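First up is the structure itself, then whatever we jot down about it.
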Amino acid sequence: MTAQDGGPTTGRDQRQRRRRTTRPRLPVPWWLPVPAALGGLFVVVPVLAMVGRVDWGSFVALVTSPASTTALGLSLGTAAATTGIAFVLGYPLAVLFSRSTARWVGVLRALVLLPLVLPPVVGGLALLAAFGRLGLLGAFLDEHGLRIAFTTTAVVMAQVFVSMPFLVSSVEGALRVGGDRYERVAATLGAGPTRTFLTVTTPRVLPGIVSGLVLCGARALGEFGATLTFAGSLQGVTRTLPLEVYLQREVDPDTAVALALVLVVVAVVVIGVTSLRTRAVVA
Amino acid sequence: MTSPAAGLHARVVDPSRGVDVTVTVGPDECVALVGPNGAGKSTVVETVAGLLRGTDSTVHLDGRDLARLPAHRRRTGLVAQRADLFPHLSVTDNVAFGPRAAGAGGREARHRAATALALVGVAGLGDRAPATLSGGQAQRVAIARALATDPAVLLLDEPTSALDLDARAAVREALATARTGRPTLLVTHDPLEAVALADRVVVLQDGRVVEQGPVEAVLRHPRTPFAASFSGLALVRGTATAAGIALDGGGELASSTRTVPPGRPVVAALHPTAVRVGRDGTGPGRTVTALEPRDGLVRVRTADLVADVTVVTAAALGLAPGVTVRMTVAPDEVAVYEPAG
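This is the structure in structure tokens:
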């Protein structure tokens, strides 16, 4: 029985009904928990071990040192800029990908999503080849006094390159799930493509956009390989938090561990937010 | 095609689906489009709405050529099987969506939404969220939403087939209000709906119009097997005789409504419950080909004749595929007339 053929039902009714009707859990093989527990421990133990290494007495001082706050500020700033740019460029990409059935679009999608599987260092090299001082576009820009490589702009570009595919695939998934029936209705009601896009499509896929933005921002925050290759590691200019952690690891392990913990906290918050969002979408 | 005038004139051509259908709907007429699944009904509706583009299709509405216009410039109101209310908008905002798209201000759009909601009898639901509505309420809101745009043509694609019987009556009432004053195309599987809403019936089969006429005439004297089953009748072919019809499958049925001179090919329409089945006696002899349960009765199929008998009768006669039976029908229940074409 579906909600449609009953009387008026409220969203809360449905949720409660869903909670009450629970099936008995499907039995799992008796040995399955063993590798599962090993897998879980493999991830949790190192993180806990690192937390155990934190020198709590000097934690605040280490995290608030000028080098640390500069790196943290740069990380947050560039990640925010990246998320914004990825949304402006990636959302339209996702919409076009989800609407088109042409084969060349499939090829294009594979290319755009390539950074998902590409080692970030390779991404950094590719960016250098295009925008480096001797690069394809870089040489032209250099002649006009625009130097991109090894600037904060380069950090953002490296992050967009690596993290935008997360947003594109997340939003595209959300767009495909609902189909286009609401958009078709909107058209018969006289709404043009722009109005339909803004008032029907966007609200419909908002949960997908939010989780895409969170994933994208988290990936940008953790970006290391492409940034180091394309933007280098200049304090206050291109040295983001992950780069600072890597640098301090050799000089001052305590600082490295303390900063790493900051990144862990940020990651936990991100995962918490996304899983809340996902649950809201599923329910 | 004659020069386009008032009303809807559509020729829908879609070679990939084998559809070539011409439909004309008068300015204040409702035409019911019926036919088996895959006959092309939805193709016709979606082409008129502009949701499907066929290069060879032509759609004229009150003399306007719609074929080149995108869906949102056609002023077609569509109510489909599912209400598809925008889940993120309240009922009022759903209905105000069309007026807003047409450029009306917020206050004006809400006013028009309230008027449309009142027209279909759900004035009190404005503040509700679509997810809290019953199926019938949601469908009436969908009708109000289509009406609020004052569409030049109304397209109803099986508007009540997803609803339970109680909700259908209320929705049908709302549809009767909605269809007045504009050409309306109604796709339906429900003969009651055709009787309640439509003036004419167009029967589609395999992408072609196989029969059309006033609702009353098509339901009473169907000329195609689908039109017959649509109105619950069975159709048998034969040759006119002085008494009634000599069936192609052998035997003769008397008819009290015969106007066709003997010797002409004719069809006879009869209701399966009017057919009496016995193991011996008079009437055409037939071999049972299949038995199907049907609303508490048993439908007895033979090569041409069809009968509905009670379960008790079926058991008493020992009916089973392969059994030979005699089938008789009272002359009052047999309508004999000339087939289409």
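Taken in sequence, the protein lines are chains V and G.
Note that the working numbering gives residue 252 to position 267 of the first sequence, counting from 1, and the numbers run on in steps of one.
Quick note: to get the working numbering, add 4 to the position in the second sequence (first position is 1).
C-beta atoms are modelled at their ideal positions from N, C-alpha and C, and glycine is treated no differently.
All values derive from a computational prediction rather than experimental measurement.
If contacts are defined as beta-carbon pairs under 8 Å, then residue i and residue j qualify, I think. What distance do you get, rounded to the angstrom?
i, j, result
"residue 118/G", "residue 104/G", "The Cβ separation is near 14 Å, so there is no contact."
"residue 178/G", "residue 152/G", "Actually they are not in contact, since the Cβ atoms of residue 178/G and residue 152/G sit about 13 Å apart, beyond 8 Å."
"residue 205/V", "residue 155/V", "Going by Cβ atoms, the distance from residue 205/V to residue 155/V rounds to 14 Å, so no, they are not a contact pair."
"residue 322/V", "residue 151/V", "Any answer about residue 322/V is impossible in this case: the structure gives chain V only from -14 up to 268."
"residue 214/V", "residue 225/V", "That belief does not hold up - the Cβ atoms of residue 214/V and residue 225/V are roughly 13 Å apart, past 8 Å."
"residue 45/G", "residue 55/G", "The pair is not a contact, with the Cβ atoms about 14 Å apart (cut-off 8 Å)."
"residue 171/G", "residue 139/G", "6 Å"
"residue 247/V", "residue 48/V", "6 Å"
"residue 132/G", "residue 83/G", "That belief does not hold up - the Cβ atoms of residue 132/G and residue 83/G are roughly 19 Å apart, past 8 Å."
"residue 309/G", "residue 240/G", "6 Å"
"residue 288/G", "residue 251/G", "6 Å"
"residue 30/G", "residue 11/G", "5 Å"
"residue 155/G", "residue 183/G", "The Cβ separation is near 11 Å, so there is no contact."
"residue 247/G", "residue 258/G", "5 Å"
What does residue i reach in chain G if we use C-beta pairs closer than 7 Å?
i, result
"residue 186/V", "Result: empty, since nearest Cβ-Cβ is about 11 Å, beyond 7 Å."
Interface residues of chain V around residue i at Cβ under 9 Å?
i, result
"residue 153/G", "173, 174 and 175"
"residue 149/G", "170 and 174"
"residue 80/G", "173"
"residue 76/G", "171, 172, 173, 174, 175, 176, 177, 178, 180 and 181"
At the 7 Å Cβ level, is residue i part of the contact set with chain V, yes or no?
i, result
"residue 234/G", "no"
"residue 55/G", "yes"
"residue 102/G", "yes"
"residue 193/G", "no"
"residue 117/G", "no"
"residue 7/G", "Any reading at residue 7/G needs caution, since the residue's pLDDT is 46, under 50, leaving its predicted position unreliable; the model's value is listed next. Not an interface residue."
Can you tell me which of the options puts its alpha carbon nearest to the alpha carbon of residue i?
i, options, result
"residue 78/V", "193/V, 209/V, 161/V and 157/V", "157/V"
"residue 76/V", "123/V, 225/V, 186/V and 215/V", "186/V"
"residue 253/G", "186/G, 325/G, 194/G and 306/G", "306/G"
"residue 285/G", "154/G, 333/G and 161/G", "333/G"
"residue 242/G", "316/G, 236/G and 264/G", "264/G"
"residue 134/V", "244/V, 26/V, 218/V and 259/V", "218/V"
"residue 217/G", "206/G, 211/G, 210/G and 224/G", "206/G"
"residue 143/V", "44/V, 223/V and 8/V", "223/V"
"residue 24/G", "300/G, 33/G, 209/G and 53/G", "209/G"
"residue 329/G", "310/G, 336/G and 281/G", "281/G"
"residue 45/V", "239/V, 13/V, 259/V and 198/V", "239/V"
"residue 313/G", "50/G, 298/G, 327/G and 130/G", "298/G"
"residue 198/V", "69/V, 34/V and 116/V", "69/V"
"residue 145/G", "27/G, 100/G, 339/G and 331/G", "100/G"
"residue 101/V", "252/V, 256/V, 235/V and 208/V", "208/V"
"residue 230/V", "30/V, 52/V and 15/V", "52/V"
"residue 335/G", "60/G, 326/G, 300/G and 278/G", "278/G"
"residue 211/G", "326/G, 85/G, 235/G and 49/G", "49/G"
"residue 19/G", "291/G, 271/G and 60/G", "60/G"
"residue 195/G", "234/G, 220/G and 203/G", "234/G"
"residue 221/G", "257/G, 343/G and 13/G", "343/G"
"residue 39/V", "252/V, 257/V, 255/V and 245/V", "245/V"
"residue 150/G", "170/V, 9/V, 220/V and 108/V", "170/V"
"residue 87/G", "107/V, 251/V, 166/V and 249/V", "166/V"
"residue 191/G", "16/G, 175/G and 160/G", "160/G"
"residue 168/V", "255/V, 84/V, 91/V and 195/V", "84/V"
"residue 128/G", "148/G, 270/G, 268/G and 85/G", "148/G"
"residue 237/G", "244/G, 228/G and 245/G", "228/G"
So residue i contacts chain V; which residues on that side make the cut at Cβ distance below 7 Å?
i, result
"residue 18/G", "None at all; the shortest Cβ gap to chain V is about 17 Å."
Under 7 Å between C-beta atoms, does residue i make it to chain G?
i, result
"residue 80/V", "no"
"residue 267/V", "Note that residue 267/V scores 49 on pLDDT, short of 50, meaning its location in the model is unreliable and no value can be drawn from it."
"residue 251/V", "no"
"residue 3/V", "Interpretation of residue 3/V is limited by its pLDDT of 49, a score under 50 that renders its predicted location unreliable; no figure is taken from the coordinates."
Along chain G, in chain order, which residues have C-beta atoms closer than 8 Å to that of residue i?
i, result
"residue 166/V", "86 and 88"
Name, please, each residue of chain G whose Cβ falls closer than 9 Å to the Cβ of residue i.
i, result
"residue 189/V", "90, 91 and 92"
Strictly below 8 Å CB to CB, what residues from chain V border residue i?
i, result
"residue 120/G", "Those do not exist, as residue 120/G stays about 12 Å from chain V at its closest Cβ, beyond 8 Å."
"residue 106/G", "175"
Of all Cβ atoms in chain C, is any one closer than 7 Å to the Cβ of residue i?
i, result
"residue 89/G", "Absence of chain C from the displayed structure is noted, the protein chains being V and G."
So within the region 39 to 123 of chain V, which uninterrupted alpha helix (DSSP H) runs reach at least 4 residues, ignoring any that extend past its ends? The qualifying runs are 41 to 48, 51 to 84, 88 to 97 and 105 to 116.
Could you name each continuous alpha helix (DSSP H) segment of 4 residues or more that falls completely within the region 165 to 201 of chain G, going from the start of the chain to the end? Qualifying alpha helix (DSSP H) stretches, in chain order: 169 to 183 and 195 to 201.
Length at least 3, wholly inside the region 32 to 83 of chain G: the beta strand (DSSP E) runs in chain order: Those beta strand (DSSP E) runs which fall completely within the region 32 to 83 of chain G and span 3+ residues are 34 to 38, 62 to 65 and 80 to 83.
Start-end ranges of the alpha helix (DSSP H) lying completely within the region 179 to 213 of chain V, minimum 4 residues: Taking only runs of at least 4 residues, the alpha helix (DSSP H) segments lying wholly in the region 179 to 213 of chain V are 191 to 207.
Quick check for students: name the residue ranges of the alpha helix (DSSP H) that lie wholly in the region 85 to 166 of chain G, counting only runs of 4 or more. For the region 85 to 166 of chain G, whole alpha helix (DSSP H) runs of length 4 or above, ordered along the chain, are 95 to 105, 110 to 123 and 139 to 151.
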